[in-house]
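*Asks:* Just dropping this structure here.
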Amino acid sequence: MTRTPRQMNSSRPAAMQDKQHAGWVLLRGLARECRHWGNFPERLAAHLGQPVRCLELPGNGTGYQQKTPVTITAMLEQIRQQAGLQAPVNVLGLSMGGMIAAEWALRYPQEVRGLVLVNSSSTLSPPWQRMRMTALPHLLLALILPRAQRESLVYRLTCTRRDDQRITLRQWIRYANQYPTSHVNFLRQLIAAARYRVAGASPVVTPLVLCSRGDRLVNPACSHILAQHWRIQADEHPWAGHDLPHDAPDWLLHKLAGYQGR
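Per full-length UniProt numbering, residue 1 is the first one in the sequence shown, and the count goes up by one each step.
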């Protein structure tokens with residue numbers, strides 16, 4: 001499923017022309033779908049005056065019946081087919097979506113005008129930072145819990161804000177019932193994320209790396225290590241959780257408004 005104020009033609013030209021307002025592509029993470037962005041895509045489009053699209057990862061959302069590839073590069077190729085770009089885009093990836101976004105910029109620099117990673121990681125960091133040891137039992141427990149309890153657990157693990165818990169959980173449970181990510185696809189996504197090794201070269205575009213100090217799932221040190229690898233600095237929100245667009249959307253919008261990748 002994609003959501004955009006302005007649909008892009010699915011045909012792909014031989015050469016793309018850079019445009020001032022190329023727009024944004026948003027990628028979520030493990031077992032999440034486009035609707036988990038909430039109203040953030042609409043707010044981003046209004047804030048920047050640019051088109052915003054959300055693309056589903058294979059195995060999630062409307063693509064829940066697809067088999068998830070076990071590598072980030074294979075996920076990327078399916079995402080690129082879904083995107084059908086006519087011009088270079090700014091790519092914003094959250095968590096595992098950030099891994100796909102980074103690989104996109106590294107492999108196809110002519111397609112990526114800007115690169116923003118939020119609470120992402122790579123094998124540059126040790127496993128116990130990429131997945132906090134306190135979070136791993138909860139994720140494994142989520143595989144056997146009923147969907148309502150599982151979504152409640154995920155909310156507590158990824159969100160620091162609590163003011164909208166009842167409304168948000170009601171929506172998330174509806175999403176999980178409508179387009180359930182299978183246990184097999186969940187594990188395949190986990191394997192792909194765990195194996196992701198970022199290339200030694202830096203992207204042509206200057207990335208923006210953001211993280212959350214209150215992240216209970218991924219240690220923010222992973223973002224700082226990734227930023228250091230690219231010889232830049234990561235920006236850290238002082239209290240937000242792993243789902244930064246949910247917890248601190250205004251802060252994220254402010255960072256994106258001041259970003260110029262290329």
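Note that the Cβ used here is the ideal one computed from N, Cα and C, for glycine as well. Predicted model, so just to flag it, every value in this text is computed and none were measured.
Quick one, are the C-beta atoms of N119 and H242 less than 8 Å apart?
*Replies:* yes
*Asks:* Is it the case that the Cβ atoms of G214 and W230 are separated by a distance below 8 Å?
*Replies:* no
*Asks:* Determine the DSSP secondary structure at H237, reduced to helix, strand or coil.
*Replies:* strand
*Asks:* Go ahead and label G258 buried or exposed: buried means 16 or more other beta carbons lie within 10 angstroms of its beta carbon, across all protein chains shown.
*Replies:* exposed
*Asks:* Are H47 and L190 close, meaning C-beta to C-beta below 8 Å?
*Replies:* Contact check for H47 against L190 fails: the beta carbons are separated by 8 Å or more.
*Asks:* Straight-line CA distance for E42 to R170?
*Replies:* 20 Å
*Asks:* Could you tell me the alpha carbon to alpha carbon distance between I232 and R32, rounded to whole angstroms?
*Replies:* 28 Å
*Asks:* Quick one: is L141 buried, meaning 16 or more other Cβ sit within 10 Å of its Cβ, or exposed?
*Replies:* L141 comes out exposed.
*Asks:* In chain order, what residues of the same chain have a beta carbon less than 6 Å from the beta carbon of N185, not counting five sequence neighbours either side?
*Replies:* G59, T68
*Asks:* Is the separation between the beta-carbon of G63 and that of E56 shorter than 8 Å?
*Replies:* yes
*Asks:* Rounding to the nearest angstrom, what Cα-Cα distance links G148 and S121 in this structure?
*Replies:* According to the sequence displayed, residue 148 carries Ala and not Gly. Distance between A148 and S121, taken at the CA atoms: about 28 Å.
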